[in-house]
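The block underneath contains the structure these notes are about, expressed in structure tokens.
Residue numbers (my numbering): 7 to 366.
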């Protein structure tokens, strides 16, 4: 019943943001990035034939994503919409969970807070959280920085019964900060509180004002136990992807305004997991680690995808792919494609095999 209430609340709270139609405007091909207007549902488009892509591969690709439980599938080139497909009971107005793909929203918001001098990611977490936010002794706790939270290197015990928990008793010492990488959701989730304390307002308020509203997104953060989920339509995820394709600028508007932070966020942040930035997944590295595992795997995260791909990847195969070298964005939202994993899955590689048939 609790979850049903939340879903009802999400739909009601977003009702006024949802549009009855989402027009696509045909546009001439240009390699310059296009940014859709903020207060409009209009979005310029290019066709598969105009791009000289393989038209014969489009319908098989759409059949494939539909059969894999996909509810929203978008492909953008140079910011313009090439493919926009909805199915399995959803449409363009459906608000779907980002799951852990929303970690990228938090990393970006942390960058804004740092640019505005509210936050310093190299300072200890207890600079912004009261001492005792963890079950560590003060000397141990003070060694954990905001950067450790952003890079999944806090060293906190990931074997606790509920590693989504953010209560002090759930944060216990296991490894020295910066010495071990593990996908620890509790250590991530508390970044919301770190930012809120730093900017002296609710995280969602700051996020909405500094990021969401400035690029025409809609959506809402919803608590599920300790965890906070973000729900939006697929076009909003595409808007955020476009913002990051342009390195934190929406057209000429510098939403982030910190090139150094953007580069650090979207490149290898530490040597323990080369395929991880600040809550972003990175392709093209020679090894990677995945959620829920301590093993290191050799090879690229997504061999079939372009090497420079960066991604927000969420549970049940929520996918936000950005390929800077091709000005390409791919969005996939829906049910899990078969493995029900927290982030990366074999579906990434399988999906890119199908995408390549279209774009190559």
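Cβ coordinates follow ideal geometry from the N, Cα and C atoms, glycine included.
As the structure is a computational prediction, the values presented were derived from the model and not from experiment.
Query	Result
Backbone CA spacing between residue 219 and residue 115 [nearest angstrom]	13 Å
One or two residues paired with residue 328 in a DSSP bridge	316 and 335
8 Å Cβ cutoff met for residue 68 and residue 49	no
Residue 180 (DSSP reduced to helix, strand or coil)	coil
Spatial distance of residue 366 from residue 118 (CA atoms)	37 Å
Residue 141 and residue 169 closer than 8 Å at C-beta	no
Within 8 Å, strictly: CB atoms of residue 364 and residue 64	yes
Meets three-Cβ-pair contact criterion under 8 Å: the segment 247-258 and the segment 297-305	no
C-beta atoms of residue 162 and residue 197 nearer than 8 Å	no
Supposed close pair residue 289, residue 262 - CB separation, criterion 8 Å	That belief does not hold up - the Cβ atoms of residue 289 and residue 262 are roughly 22 Å apart, past 8 Å.
Range of the contiguous beta strand (DSSP E) that encloses residue 98	Segment: none, residue 98 is in no beta strand (DSSP E) and carries neither H nor E.
Local conformation of residue 57 per DSSP, three classes	coil
Within 8 Å, strictly: CB atoms of residue 152 and residue 131	yes
Proximal residues to residue 177 (C-beta, below 6 Å), its chain only, five neighbours per side dropped	140, 141 and 162
Coarse secondary structure for residue 109, derived from DSSP in three states	helix
Where residue 311 falls, given that 16 or more other Cβ within 10 Å makes a residue buried	buried
Residue closest to residue 286, alpha-carbon to alpha-carbon, out of 353, 309, 173 and 320	320
Straight-line gap, residue 345 to residue 291 (C-alpha atoms, nearest Å)	23 Å
Cβ shell of residue 339 (< 6 Å), same chain only, five flanking positions each side left out	77, 78, 102, 240 and 324
Residue 137 burial status per 10 Å Cβ neighbour count (16 or more: buried)	exposed
C-beta contact flag for residue 120 and residue 267 at 8 Å	yes
Contacts around residue 72, its chain only, beta-carbon distance under 7 Å, and the 5 residues preceding and following it disregarded	93 and 94
Rounded Cβ spacing between residue 113 and residue 237 (contact assumed at less than 8 Å)	About 19 Å; that fails the 8 Å criterion.
Local Cβ density within 10 Å of residue 45, reported as buried at 16 or more and exposed below that	exposed
Residues of its chain near residue 54, where Cβ-Cβ distance is below 6 Å and the 5 sequence neighbours each way are ignored	61 and 64
DSSP-derived helix/strand/coil call for residue 297	coil
Buried or exposed (CB count within 10 angstroms, at least 16 for buried), residue 147	buried
Residue 34 - DSSP class collapsed to helix/strand/coil	The predicted position of residue 34 is uncertain, since its pLDDT is 48 and thus under 50; no value can be drawn from it.
The beta strand (DSSP E) enclosing residue 49, as first and last residue numbers	49-51
Contact set for residue 4: own chain, Cβ-Cβ below 8 Å, skip 5 residues either direction	Beyond the ends of the chain as shown, which are 7 and 366, falls residue 4; an answer cannot be given.
Simplified DSSP state of residue 157, which is helix, strand or coil	helix
Cβ pair residue 135, residue 199 closer than 8 Å	yes
Coil, strand or helix - residue 268 by DSSP	helix
Residue 224 versus residue 276: straight-line alpha-carbon distance, rounded	33 Å
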